[in-house]
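**Q** Here you go, one structure.
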Amino acid sequence: MASSSRMEANKVCCYAHPDAPLIEDYRAGDQICSDCGLVVGDRVIDVGSEWRTFSNEKSGTDPSRVGGPENPLLNGSDLSTVIGPGRGDASFDDFGVSKYQNRRTMSSSDRALINAFREINGMADRINLAKTIVDRANNLFKQVHDGKNLKGRSNDAISSACLYIACRQEGVPRTFKEICAVSKVSKKEIGRCFKLILKALETSVDLITTGDFMSRFCSNLSLPNMVQKAATHIARKAVELDIVPGRSPISVAAAAIYMASQVNLILCT
């Protein structure tokens, strides 16, 4: 009861019309009685959002001054300083070039992480990988980067290897050749970094089987379901009977698809 009475005592209202609703003038910071127009409160602080943005407003810049969401993978978070370009005559040298370039002060560590995350995201986009795989690859790169385990290796090679590992750990493996096709480094270098990362992070990946690629390969070739079933059976029997020891599961899957296509009179090279 005491708390309720204190709230009533602190409530701002018009002395002549205590029950009248108040109108808030956000520009002036005033609270005005809706009946008589008396200003009953001034210098009121608006605690709401400075700007409103909508999902369909894609053109133009974001007017918000608080920046984007914090990225937990960055060592310095997102609290960086922006140095804007000067505007007066003193801001330019004798050749008319701005002395103060618009730049963001950021640690070299965060800059390396951002570039790697951008590279991973770009590669994933080109081969249509899900965001969960991108997030896992980013986390793997962060662990390798913070542990300084692969000094001397290029970040592009490490990024590619992290994406390859993430694909396998998420159950949607891609071949080294597929990752290499969207990467800036060779398949051999990706393979080296792959082994070094597994050793450095003391992690592992499941062994690749023919079944990991069968569905995707058949889908890419627009083969009917009966061919996929036949190819899966051929590959499984080949492994069980130890006909293809030491052969790559990818090669076994490709051979099984070719055989199943020939049996079903479907042209496939």
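First residue of the sequence shown? That's 1216 in my numbering, and the numbers climb one at a time after it.
C-beta: ideal position from N, C-alpha, C; glycine also.
In this text, all values refer to a predicted model and were calculated from it rather than measured experimentally.
If A1475 and A1445 are in contact, beta carbons under 8 angstroms, what's the gap, nearest whole angstrom?
**A** About 4 angstroms separates the two Cβ atoms, so the contact holds.
**Q** Tell me which residue opens and which closes the beta strand (DSSP E) that G1256 is part of.
**A** Taken as a continuous stretch (DSSP letters only), the beta strand (DSSP E) holding G1256 covers 1254-1256.
**Q** First and last residue of the alpha helix (DSSP H) that includes V1382?
**A** Per the sequence shown, residue 1382 should be read as Cys rather than Val. Where C1382 is concerned, the enclosing alpha helix (DSSP H) stretches over 1370-1384.
**Q** Whose C-alpha, out of S1375, N1435, P1460, is nearest the C-alpha of I1472?
**A** Measuring from the Cα of I1472, the nearest candidate turns out to be N1435.
**Q** Taking only the alpha-carbon atoms, compute the straight-line gap between C1248 and C1228 and give it to the nearest angstrom.
**A** Each residue's alpha carbon lies about 8 angstroms from the other.
**Q** Tell me the rounded alpha-carbon separation between L1188 and I1335.
**A** Residue 1188 cannot be examined here, being either before or after the span of the chain that is shown, 1216 to 1484.
**Q** I'd like to confirm the pairing. Which residues does DSSP put opposite E1239 in its beta bridges?
**A** Looking at the DSSP assignment, E1239 forms a beta bridge with Q1246.
**Q** Looking at C1395 and P1388, is the spacing between their C-beta atoms short of 8 angstroms?
**A** Contact flag unset, no.
**Q** Output the distance between the C-alpha atoms of E1455 and L1422, rounded to the nearest integer angstrom.
**A** Roughly 16 angstroms separates the two Cα atoms.
**Q** Are there 16 or more other CB atoms within 10 angstroms of the CB of E1404, so buried, or fewer, so exposed?
**A** It is buried - the Cβ of E1404 has at least 16 other Cβ atoms within 10 Å.
**Q** Can you find a heavy atom of the ligand GDP that lies under 7 angstroms from the Cβ of C1248?
**A** Absence of the ligand GDP from the depicted structure is noted, as is the absence of any ligand whatsoever, leaving it without description.
**Q** Give the C-beta separation of A1415 and G1362 to the nearest angstrom, bearing in mind that I take them to be a contact with Cβ-Cβ under 8 angstroms.
**A** The Cβ separation is near 6 angstroms, so the contact holds.
**Q** Enumerate in chain order the residues of its own chain whose CB-to-CB distance from D1250 is below 8 angstroms, with the five nearest sequence positions on each side excluded.
**A** Once the five neighbours on either side are set aside, the close Cβ partners of D1250 are C1229, A1231, H1232, A1235.
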